[in-house]
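**Student:** Residue numbers (this note's numbering), protein chains in the order written: chain F, 436 to 773; chain E, 436 to 773. Where is the CB? At the ideal position from N, CA and C, for every residue including glycine. Can you read through this structure? Questions will come right after.
2 protein chains.
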Amino acid sequence: MSNNITIKDIAKALGISTSTVSRALSDAWDVKRETRDRVLAMAKQLNYHPNLNAKNLQNKRTGTIGIIIPEFFSSFFPNVIMGIQEVLYEADFHIFITQSNESRSQELENLNLLRAHMVEGIIISTTNEGGNEDAYRQLMADGMPLVFFNRCPTTLNAPKVMIDDCRMAEKAVEHLIETGRRNIIHLLGPVNLEVSAMRARGFANALSRNGLDPAGRSLPAGIFIKDGQEAVEKLLAEGGPLPDAIFCFNDPVAIGAMKALKNAGFKVPDDIAIVGFSEGTMATVVEPQLTTVLQPTKEMGREAARLLLDQLSNPRHHTPQTVCLDARLNIRGSSARG
Amino acid sequence: MSNNITIKDIAKALGISTSTVSRALSDAWDVKRETRDRVLAMAKQLNYHPNLNAKNLQNKRTGTIGIIIPEFFSSFFPNVIMGIQEVLYEADFHIFITQSNESRSQELENLNLLRAHMVEGIIISTTNEGGNEDAYRQLMADGMPLVFFNRCPTTLNAPKVMIDDCRMAEKAVEHLIETGRRNIIHLLGPVNLEVSAMRARGFANALSRNGLDPAGRSLPAGIFIKDGQEAVEKLLAEGGPLPDAIFCFNDPVAIGAMKALKNAGFKVPDDIAIVGFSEGTMATVVEPQLTTVLQPTKEMGREAARLLLDQLSNPRHHTPQTVCLDARLNIRGSSARG
DNA sequence: AAAATTAACGGGAACGTTTTCGATAGCGTT
DNA sequence: AACGCTATCGAAAACGTTCCCGTTAATTTT
């Protein structure tokens, strides 16, 4: 931008002082109506734009908050961001989105980037690698407000917003049991994600509560379509007795599992029922449509933003609270049967 | 952040001047090795972080470039952003992502926001509302480097990176013709998008080149699943003769169309073939898998970033070029037949 | 009529950097 | 002994704002 006109230029053009120009632009009380109008007119005429660096250098703020998400590809995070934007824009904040690409080091870089850009707070969903807890701690110790959502470090006493993954997993698995399935397995998420553990626990709870033994019924998978596909292919290749239902860590894994089953000639849900988690666009596109847990993504974003604003307006000894949102099990074709 | 230590603090702690500290931190030649090490050590000890506002105020730059995309939901734009990041991070720039939500006014707000944040350039894909051409023009006149991708304003002489939508549409439709379809219709995209017109033109070209009359064979649809679904439902309700193939503006529309056909008891591709455009995650998830045009999204982002860097390093009279990337028609089940 | 208040503005320091221009000291040259 | 180098550092201006103090003139109060 070659556009270098400053308040000095306006002042000079009008034969007044920069102080007055500054006051006029910020609508101060001690400036005559007429001069204010002249300043505004001249500003428009000269196509003036305030220099945010100078302004922020002065008032020691940036009006920006940072976001770190692990990926862009599922519709989950974009939706959360929409919610964040909604309440943050309302509160006159801008957001600075970065993505860690599920990489620990990239996340660390982003943290430093955001700190260097002097964001006034950070909303973050961790990578599935984990391991940056010290950095979070350091940041919080330095007074940077942090809010976690969805993927939250267990060991950290910070504001978090999540859904009750354990209970929803229970519900999902109980639904499978109610529809007559007894031989249910679970495709696990990434090991160092708390949500993985939570959903696995919900799975186990549901089984034992119904007199089924959860031991040895969880298989490693992951997070992507291919993870689910490979896990099921491996299962089929082993030639052991097959389950009659699979509870998957998330939708992509569920879809991958469905693919593998179809390719091997099995019918979903008749031979094997499938349920996913964290409903995205694909759930109603795949055939049969996927039974899965719909998370209140937008509301999750709103809530995270609210927690951050709370901290901001209440800097001292803010006891970090964890808000837990309701989710809904959407029952569809992939688990149908009476 | 209550962390207010500056180079002054370092200077005071070491009994040297701020100039030296500054030089030491920026690795200048005229500072003794030993003092530089002491400065660095003290900086680490005090947990110093440079104030970007002050720094940027000085050197009149921000190292940030802005991105405006219309939405987050398809995987298209996130993929492009990955490409942009790749080359921009390499060149030591940060990116500032905003989304217009397909809204003209929101896009305008974003433009102003980015300008206020003094980004050094903007990469943008316009909304389907359009109408901000004057703002683009003004920005460019003020010396702000702009690069458009995918959705580019026709009337503007600016760097653009796109694929040859017309030719790819032709290819897609010719594929339908080669597989024996004669009665082909097109579901249109948003009216004020150049890509809509381009794909429609390609559709028409392919028809007339094969002795088929394109007149009256284009139906308004849109951009979302429901647009395609509703368009086909309307078509079916009208009770006229049905086509044997539908070329859709994009994948969601194609998927919507498939849904409507299936619901009405038609078989894809036997009764009616479907082809989409701009392949996303859903293309291989839907059943039958979707024949569609795969765009080089990541490369598109890389190229856009490169064009921006070109402009940045070559500020004056930079003749804006349009780079046209190759795309690929991925033939799948939805258009199968010999 | 003197004093006090108010309305409107200007001067200048400050925010945390970078950078230009010296300054100083040591040391070899002549 | 006077000179010029080189190496290393400090003083101070500048970047574009904001804001605390004045200051002046007009207006009101006593």
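Relative to the alpha-carbon of P580/E, which residue among P594/E, G700/E, A463/E, A650/E has its alpha-carbon at the smallest distance?
**Tutor:** Mapped onto the second sequence, residue 580/E falls at position 145. Checked all of P594/E, G700/E, A463/E, A650/E; the closest Cα to P580/E is P594/E.
**Student:** Could you list which residues in chain E have their beta carbon closer than 9 Å to that of N765/F, in chain order?
**Tutor:** Taking the first sequence and counting its residues from 1, the one referred to as residue 765/F is at position 330. For N765/F, no chain E residue has a C-beta closer than 9 Å to its own C-beta; the minimum C-beta separation is roughly 17 Å.
**Student:** V626/F: buried (16+ other C-beta within 10 angstroms of its C-beta) or exposed?
**Tutor:** The residue you call residue 626/F lines up with position 191 of the first sequence. Result: exposed.
**Student:** Is F512/F helix, strand or coil when you go by DSSP?
**Tutor:** Position 77 of the first sequence, counted from the start, is the residue given in the question as residue 512/F. In the three-state DSSP reduction, F512/F falls in the helix class (H, G or I).
**Student:** Which of helix, strand or coil does DSSP assign to C587/E?
**Tutor:** On the second sequence, position 152 is the one that residue 587/E refers to. Here C587/E sits in coil by DSSP.
**Student:** Which same chain residues, not among the five before or five after D662/F, have their C-beta less than 7 Å away from its C-beta?
**Tutor:** In the first sequence, counting from the first residue as 1, residue 662/F sits at position 227. These residues qualify, in order along the chain: A656, V688, G691.
**Student:** Determine, using beta-carbon pairs with one atom in the segment 641–655 of chain F and one in the segment 710–725 of chain F, whether at least three such pairs fall under 8 Å.
**Tutor:** no
**Student:** Can you check which of these residues, G556/F, P505/F, P485/F, is closest to G578/F by C-alpha distance?
**Tutor:** As a working mapping, residue 578/F is identified with position 143 in the first sequence. Taking only the C-alpha atoms, the option nearest G578/F is G556/F.
**Student:** Whose Cβ in chain E lies nearer than 8 Å to the Cβ of L548/F?
**Tutor:** Your numbering for residue 548/F matches position 113 in the first sequence. Here the neighbours are H529.
**Student:** If the criterion is Cβ atoms closer than 8 Å, does the pair S770/F and T732/F meet it?
**Tutor:** As a working note, residue 770/F is residue 335 in the first sequence. As a working note, residue 732/F is residue 297 in the first sequence. Going by C-beta atoms, S770/F is not nearer than 8 Å to T732/F.
**Student:** Where does F528/F sit, in a helix, a strand or coil, going by DSSP?
**Tutor:** Reading the first sequence from its first residue, position 93 is the one you call residue 528/F. Of the three classes helix, strand and coil, the one that applies to F528/F here is coil, per DSSP.
**Student:** Could you name the residues of chain F that H753/E contacts, counting a contact when the two beta carbons are closer than 9 Å?
**Tutor:** Position 318 of the second sequence, counted from the start, is the residue given in the question as residue 753/E. Going along chain F, no residue has its Cβ under 9 Å from H753/E, so there is no contact; the nearest lies around 13 Å.
**Student:** Ends of the alpha helix (DSSP H) at S713/F?
**Tutor:** Numbered from 1 along the first sequence, position 278 holds the residue referred to as residue 713/F. From DSSP, S713/F is part of no alpha helix (DSSP H); its letter is neither H nor E.
**Student:** Under a CB-based cut-off of 8 Å, is N488/F close to chain E?
**Tutor:** Mapped onto the first sequence, residue 488/F falls at position 53. At a cut-off of 8 Å between beta carbons, N488/F contacts chain E.
**Student:** In whole angstroms, what is the alpha-carbon distance linking E568/E and Q756/F?
**Tutor:** Counting from 1 along the second sequence, the entry for residue 568/E is found at position 133. Counting from 1 along the first sequence, the entry for residue 756/F is found at position 321. Near 46 Å, if we compare the C-alpha coordinates of Q756/F and E568/E.
**Student:** If you draw a straight line from the C-alpha of G566/E to the C-alpha of T754/E, how long is it?
**Tutor:** What you label residue 566/E is simply residue 131 of the second sequence in a count that begins at 1. What you label residue 754/E is simply residue 319 of the second sequence in a count that begins at 1. Between G566/E and T754/E, the C-alpha separation is close to 24 Å.
**Student:** Name the chain E residues that come within less than 7 Å of V809/F, Cβ to Cβ?
**Tutor:** Here chain F comprises residues numbered 436 to 773, so residue 809/F is not present and cannot be evaluated.
**Student:** Which residues mark the beginning and the end of the alpha helix (DSSP H) in which P655/E is found?
**Tutor:** To locate residue 655/E, count along the second sequence from 1; it is residue 220. No alpha helix (DSSP H) holds P655/E; the beta strand (DSSP E) holding it covers 653–655.
**Student:** Determine, using beta carbons only, whether T716/F comes closer than 8 Å to chain E.
**Tutor:** In the first sequence, the residue the question calls residue 716/F occupies position 281. True, the Cβ-Cβ gap to chain E drops below 8 Å.
**Student:** Are the beta-carbon atoms of V596/F and M735/F separated by less than 8 Å?
**Tutor:** On the first sequence, position 161 is the one that residue 596/F refers to. On the first sequence, position 300 is the one that residue 735/F refers to. Contact: yes.
**Student:** Given a limit of 8 Å on CB to CB distance, which residues of the segment 557–571 of chain E reach chain F?
**Tutor:** none
**Student:** Helix, strand or coil for R763/F, going by three-state DSSP, please let me know.
**Tutor:** Against the first sequence, residue 763/F aligns to sequence position 328. R763/F falls in the strand class under three-state DSSP.
**Student:** Any idea what DSSP makes of G501/E, helix, strand or coil?
**Tutor:** The sequence position of residue 501/E within the second sequence is 66, counting from 1. Strand at G501/E.
**Student:** Among the candidates L481/F, R634/F, I440/F, whose CA atom is the shortest distance from the CA of K606/F?
**Tutor:** By one-based count along the first sequence, residue 606/F stands at place 171. Its Cα nearest to that of K606/F, the residue R634/F stands out among L481/F, R634/F, I440/F.
**Student:** Taking all protein chains shown into account, do 16 or more other C-beta atoms lie within 10 angstroms of the C-beta of Q480/E, making it buried, or fewer, making it exposed?
**Tutor:** What you label residue 480/E is simply residue 45 of the second sequence in a count that begins at 1. Per the 10 Å Cβ criterion, exposed.
**Student:** Considering only DSSP beta bridges, list what A708/E is partnered with.
**Tutor:** Here the question's residue 708/E lines up with position 273 in the second sequence. Bridge partners of A708/E: A680/E.
**Student:** With a CB to CB cut of under 7 Å and the five nearest residues on each side skipped, what residues in its chain are close to D739/F?
**Tutor:** For the purposes of this step, residue 739/F is taken as residue 304 along the first sequence, with counting starting at 1. The identity of residue 739/F in the sequence shown is Ala, whereas the question assumes Asp. Cβ within range, chain order: I519, I558, V582, F584, V596.
**Student:** Taking the DSSP output, what are the residues bridged to V728/F?
**Tutor:** For the purposes of this step, residue 728/F is taken as residue 293 along the first sequence, with counting starting at 1. DSSP, once it has assigned bridges, lists L764/F as partnering V728/F.
**Student:** Using a Cβ-Cβ distance cut-off of 8 Å, determine whether P513/F contacts chain E.
**Tutor:** Residue numbering aside, residue 513/F sits at position 78 when the first sequence is read from its first letter. At least one beta carbon of chain E lies nearer than 8 Å to the beta carbon of P513/F.
**Student:** Beta carbon of D648/F: closer than 7 Å to some heavy atom of the ligand ZN?
**Tutor:** As far as ligands go, the structure on display features none, and thus does not contain the ligand ZN.
**Student:** Do N765/F and L742/F have their CB atoms nearer than 8 Å?
**Tutor:** Translated into positions along the first sequence, residue 765/F becomes position 330. Translated into positions along the first sequence, residue 742/F becomes position 307. Taking 8 Å as the Cβ cut-off, N765/F and L742/F do not qualify as a contacting pair.
**Student:** Among S454/E, L622/E, A672/E, which one has its Cα closest to the Cα of N698/E?
**Tutor:** Translated into positions along the second sequence, residue 698/E becomes position 263. Minimum Cα distance to N698/E is reached at A672/E.
**Student:** Please list the partners that F507/F has in chain E, where partner means a Cβ-to-Cβ separation under 9 Å.
**Tutor:** Numbered from its first residue, the first sequence carries residue 507/F at position 72. Those within 9 Å of F507/F in chain E are F507, S510, F512, P513, N514, I516, M517.
**Student:** At the level of alpha carbons, what is the spacing between S509/E and F508/F?
**Tutor:** In the second sequence, counting from the first residue as 1, residue 509/E sits at position 74. In the first sequence, counting from the first residue as 1, residue 508/F sits at position 73. Answer to the nearest angstrom: the Cα atoms are 8 Å apart.
**Student:** How would you label T455/F, buried or exposed, when you count the other beta carbons within 10 angstroms and need 16 or more for buried?
**Tutor:** As a position in the first sequence, residue 455/F is number 20, starting the count at 1. The residue is buried, with at least 16 neighbouring Cβ atoms inside 10 Å.
**Student:** Going by DSSP, which residues form a beta bridge with Q534/F?
**Tutor:** Here the question's residue 534/F lines up with position 99 in the first sequence. Per DSSP, I504/F.
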